[in-house]
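Trainee:
2 protein chains.
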Amino acid sequence: MTVNALKRQPLYAQVKLLLLQRIGAGEWQTHDALPSEWELADELGASQGTVRKALSELVDAGLLYRQQGRGTYVAPVPGDWGDDARLVTPGLFTEQPDELAREFLGLSRLNASEDIAEALQLRRLAPLLRIRQLWRRHGSPVALDDVLLPAEVFEGMDARWLRGSAGVYGTLQQRFGVRLKIVSEQFRAEMLPREEASLLGVTGMVADVPALCLLRLSADMDGRPLEWRQRYCLTHQLAYTVKHG
Amino acid sequence: MTVNALKRQPLYAQVKLLLLQRIGAGEWQTHDALPSEWELADELGASQGTVRKALSELVDAGLLYRQQGRGTYVAPVPGDWGDDARLVTPGLFTEQPDELAREFLGLSRLNASEDIAEALQLRRLAPLLRIRQLWRRHGSPVALDDVLLPAEVFEGMDARWLRGSAGVYGTLQQRFGVRLKIVSEQFRAEMLPREEASLLGVTGMVADVPALCLLRLSADMDGRPLEWRQRYCLTHQLAYTVKHG
DNA sequence: CAGTGGTCTAGACCACGCC
DNA sequence: GCGTGGTCTAGACCACTGA
Numbered sequence: 001m002t003v004n005a006l007k008r009q010p011l012y013a014q015v016k017l018l019l020l021q022r023i024g025a026g027e028w029q030t031h032d033a034l035p036s037e038w039e040l041a042d043e044l045g046a047s048q049g050t051v052r053k054a055l056s057e058l059v060d061a062g063l064l065y066r067q068q069g070r071g072t073y074v075a076p077v078p079g080d081w082g083d084d085a086r087l088v089t090p091g092l093f094t095e096q097p098d099e100l101a102r103e104f105l106g107l108s109r110l111n112a113s114e115d116i117a118e119a120l121q122l123r124r125l126a127p128l129l130r131i132r133q134l135w136r137r138h139g140s141p142v143a144l145d146d147v148l149l150p151a152e153v154f155e156g157m158d159a160r161w162l163r164g165s166a167g168v169y170g171t172l173q174q175r176f177g178v179r180l181k182i183v184s185e186q187f188r189a190e191m192l193p194r195e196e197a198s199l200l201g202v203t204g205m206v207a208d209v210p211a212l213c214l215l216r217l218s219a220d221m222d223g224r225p226l227e228w229r230q231r232y233c234l235t236h237q238l239a240y241t242v243k244h245g
Numbered sequence: 001m002t003v004n005a006l007k008r009q010p011l012y013a014q015v016k017l018l019l020l021q022r023i024g025a026g027e028w029q030t031h032d033a034l035p036s037e038w039e040l041a042d043e044l045g046a047s048q049g050t051v052r053k054a055l056s057e058l059v060d061a062g063l064l065y066r067q068q069g070r071g072t073y074v075a076p077v078p079g080d081w082g083d084d085a086r087l088v089t090p091g092l093f094t095e096q097p098d099e100l101a102r103e104f105l106g107l108s109r110l111n112a113s114e115d116i117a118e119a120l121q122l123r124r125l126a127p128l129l130r131i132r133q134l135w136r137r138h139g140s141p142v143a144l145d146d147v148l149l150p151a152e153v154f155e156g157m158d159a160r161w162l163r164g165s166a167g168v169y170g171t172l173q174q175r176f177g178v179r180l181k182i183v184s185e186q187f188r189a190e191m192l193p194r195e196e197a198s199l200l201g202v203t204g205m206v207a208d209v210p211a212l213c214l215l216r217l218s219a220d221m222d223g224r225p226l227e228w229r230q231r232y233c234l235t236h237q238l239a240y241t242v243k244h245g
């Protein structure tokens, strides 16, 4: 490597970081081809094998995909359900899931509770952005999201962006160059709280409904936690399915 | 490579498969060191880099672990909760989880329902082994497992083995040389059924309790589905936490 | 056919654990 | 100091894609 021996990081890690930054900066758009492994190797003064190792890790991380004989491409940003999670019929693991329609409900501000401040490594009562959105399947509400983001990091967030089709993760990538990665998720069964029941259209006689409550913590590629998401799912006839590695 | 060019598999894949078989056969025990990368390379007639690639994939798959400067070792078989799942306090992602005690309840036989037969790629009504076990935290029941396995594959299963500390996955590894890997999991919120409520010690006035219902499909390293597990978790004060890769 | 990713080698050097 | 895993290189060949 010509220059970048500044840090005592392995060369492939430096290459990976550099590519990560250039992808984040939008140098290549989704489904654009990167330069070939040899071109990158020349350009960065590393060998093809070293570049290949860096690219492989980015492929494993889901940021790139490869096609033999063609090239290496920028992968689309995963939607708000991630690459591996879907809502399908309980017990049927091979079922093709139906598409969910996203409905943006609102963008507001609030202050971090103690738990959330700790998880996001913020001070208590730190300002947060709250994004609410509803998921519908065949027109019926099936899930409700509360997405909490550190307000200082995402200053200038515009509700109009969130009405678009990109979802929260897509918007963060496009507007702020931040790519989130799920760190940890918690699942619980709860009786659906009143406010959420109302938003999910569960009212009247059948008000006492159990709901799947998902808590998600996500971080950027450097590991800085940036998202706390709470999702209520109606799993009366559906199951929250996660495919493993 | 000297001989093994039989299949049109890459050499590293053949090496990986060979090591997988030798590990499964018990050639090395848990925490035993494998031969060094160079020794394996000599022995198998491959280069160190090729052996390294095979080992790396086994490390990624969780079967081996490495210690720089020391060696490569056989990883312990993960417990019935997997490497990444725990029960912790909701909202606290960094909490150290308390240990769960496992209580074997029984081994019985039944015939596969349609769903299960399909998921396990068996004929309808195929015979299954059913293992029931209870999980306690600080003495209180918190989860109940029904593990269903194809009876023909695990003929000779002995209840005494399952009383031991190895758990289901440990027993399958030790007694049958089969290592399972979680393929997919489904989460739902349900009202706890009567039978499960009774086993979990939820009785009387507070009988109407929501429970987290987990459905898990696992396969061996060749991808053959071999386990259908249903788990009810009491998530009143706990959350089922999954760490992501 | 040329260009790309995918595999493999031999050899080198580094960083770490341990005696 | 020695043996281990961890990195890096240069060069080779294969398999696939698309003009």
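Residue numbers (full-length UniProt numbering), protein chains in the order written: chain A, 1 to 245; chain B, 1 to 245. We treat Cβ as the ideally placed atom computed from N, Cα and C, and that holds for glycine.
Please identify the residue among A/THR235, A/LEU105 and A/LEU149 whose C-alpha is closest to the C-alpha of A/ALA159.
Mentor: Relative to the Cα of A/ALA159, the nearest Cα in the group A/THR235, A/LEU105 and A/LEU149 belongs to A/LEU105.
Trainee: Indicate the three-state DSSP secondary structure (helix, strand or coil) for B/ALA75 in the structure shown.
Mentor: Look at B/ALA75 here: in three-state DSSP terms it is coil, with no helix or strand label.
Trainee: Cα-Cα, which of A/SER165, A/VAL51 and A/LEU40 is closest to A/GLY79?
Mentor: A/SER165
Trainee: In chain A, which residues lie less than 8 Å from B/HIS244 when you measure between Cβ atoms?
Mentor: LYS181, ILE182, VAL183, SER184 and GLU185
Trainee: My assumption, with CB atoms under 8 Å, is that A/LEU234 sits in contact with A/LEU199. Please give the rounded CB distance.
Mentor: Rounded, the Cβ-Cβ distance is 11 Å, inconsistent with contact.
Trainee: Is it buried or exposed, B/GLY167, if we count other Cβ atoms within 10 angstroms and call 16 or more buried?
Mentor: buried
Trainee: Run through DSSP, which three-state label would B/THR241 get?
Mentor: strand
Trainee: Taking a Cβ distance cut-off of 9 Å, strictly less, list which residues of the stretch 15-38 of chain A are near chain B, in chain order.
Mentor: Hits within the stretch: zero.
Trainee: With 16 as the cutoff for other CB atoms within 10 Å, does B/GLN186 come out buried or exposed?
Mentor: Taking all protein chains shown into account, B/GLN186 has 16 or more neighbouring C-beta atoms within 10 Å of its C-beta and is therefore buried.
Trainee: With 16 other CB atoms within 10 Å as the buried threshold, where does B/GLU37 fall?
Mentor: Flag for B/GLU37 reads buried.
Trainee: May I have the straight-line CA-CA distance separating A/ALA239 from A/GLY170, to the nearest angstrom?
Mentor: Distance between the alpha carbons of A/ALA239 and A/GLY170: 25 Å.
Trainee: How should B/THR72 be labelled, buried or exposed, when 16 other C-beta atoms within 10 angstroms of its C-beta is the threshold for buried?
Mentor: buried
Trainee: Quick one: give me the first and last residue of the alpha helix (DSSP H) that B/SER56 is part of.
Mentor: From DSSP, the alpha helix (DSSP H) with B/SER56 extends over 48-60.
Trainee: Would residue 246 of chain B pass as an interface residue toward chain A - the criterion being a Cβ-Cβ separation below 8 Å?
Mentor: Absent from the structure is residue 246 of chain B, since the part of chain B shown begins at 1 and ends at 245.
Trainee: Count the other CB atoms within 10 Å of the CB of B/TYR12; is the residue buried (16 or more) or exposed (fewer)?
Mentor: buried
Trainee: Across which residues does DSSP place A/ARG168 in a beta bridge pair?
Mentor: Looking at the sequence provided, one finds Val at residue 168 of chain A rather than Arg. According to DSSP, A/VAL168 bridges with nothing at all.
Trainee: Are the C-beta atoms of B/GLU155 and some chain A residue less than 8 Å apart?
Mentor: no
Trainee: Just the chain B side, please: which residues come within less than 9 Å of A/ARG188 by C-beta, in chain order?
Mentor: In chain order: PRO90, ALA189, PRO210, LEU212, CYS233, THR235, HIS236, LEU238, ALA239 and TYR240.
Trainee: Within the same chain, show all residues whose beta-carbon is closer than 8 Å to that of B/GLN237, passing over the 5 residues directly before and after it, in chain order.
Mentor: THR89 and PRO90
Trainee: For the beta strand (DSSP E) that B/SER184 lies in, which residues bound it at each end?
Mentor: 181-191
Trainee: Output the boundary residues of the beta strand (DSSP E) element that contains A/GLN68.
Mentor: No beta strand (DSSP E) holds A/GLN68; DSSP gives it neither H nor E.
Trainee: With a cut-off of 8 Å, do at least 3 Cβ pairs link the stretch 52-61 of chain A to the stretch 173-182 of chain B?
Mentor: no
Trainee: If you run the structure through DSSP and keep just helix, strand and coil, what is A/SER140?
Mentor: strand
Trainee: Are the Cβ atoms of A/ARG229 and A/ASP115 separated by less than 8 Å?
Mentor: no
Trainee: Of the residues that make up the stretch 95-123 of chain B, which ones have a beta carbon closer than 7 Å to any beta carbon in chain A?
Mentor: ASP115 and ALA119
Trainee: Among B/GLU27, B/ASP32 and B/LEU58, which residue has its Cα nearest to the Cα of B/VAL15?
Mentor: B/LEU58
Trainee: What are the start and end residues of the alpha helix (DSSP H) that includes B/LEU212?
Mentor: Per DSSP, B/LEU212 belongs to no alpha helix (DSSP H); it is in the beta strand (DSSP E), 210-219.
Trainee: Between the Cα of A/THR241 and those of B/ALA189, B/PRO210 and B/GLY245, spot the shortest distance and give me the residue it belongs to.
Mentor: B/ALA189
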